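Asks: Take this structure first; my questions come after.
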Amino acid sequence: MKLKKIHFIVLVALLFSLLSIVFIGIFHLLTVHKSGELTLKGENIFMARCASCHSLQKDERRAGPSLYLILGRKAASIYQFPYSRAMRESEIVWDRVSVKQFLKNPRLMVPQNRMAFVGIEDEQEIDALLDFLEEKAR
């Protein structure tokens with residue numbers, strides 16, 4: 781009787797372990813898939829709203845500065861780019877929070893900046909764009 785109980789406990793433990801591995805794998809696949817979707821959505825947003833003025837290449841300058849390595853960089857720090865005085869004096873260091881705030885309303889965050897962009901209202905679009913920038917702008 782005791783031996784059957786031990787076998788049952790071992791069998792349940794093995795089954796639980798196997799199911800845990802399967803669920804972790806499924807969760808990982810779903811997370812990676814969702815992350816890929818967000819990156820693709822972010823790329824589409826970048827192309828539609830940002831790419832005409834900003835590049836993701838290190839030394840490529842357009843109407844706006846390159847967004848290469850934007851996260852972690854101090855605002856107005858690209859050499860010889862003609863930033864507005866307001867942007868130069870802002871003392872912003874770009875991270876997810878500051879970029880998100882800026883993308884919501886650039887004029888509110890840095891009054892008198894030169895960027896001709898009214899902002900993005902949709903939080904999910906901003907998050908997707910930030911995911912894309914984290915992935916591609918490094």
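Quick note on my numbering: the sequence shown kicks off at 781 and runs consecutively.
Every residue, glycine too, gets a C-beta built ideally from N, C-alpha and C.
Only a predicted model underlies this, so the values are computations on that prediction, with no experimental measurement involved.
Taking just the CA atoms, how far does Glu903 sit from Glu823?
Replies: Straight-line Cα distance between these residues: approximately 15 Å.
Asks: Going by DSSP, name the residue or residues bridged to Val873.
Replies: The partner list for Val873 (beta bridge, DSSP) reads Lys854.
Asks: Between Asn893, Pro862, Lys782 and Asn885, which lies nearest to Pro845 when the distance is taken from Cα to Cα?
Replies: Nearest option by C-alpha distance: Pro862.
Asks: Considering only the alpha carbon of each residue, which of Gln892, Ala856, Ile850 and Glu869 lies closest to Val877?
Replies: Residue Ile850 is the option with its Cα nearest to Val877.
Asks: To the nearest angstrom, how far is it from the Cα of Ser835 to the Cα of Arg841?
Replies: If you take the alpha carbons of Ser835 and Arg841, they lie about 7 Å apart.
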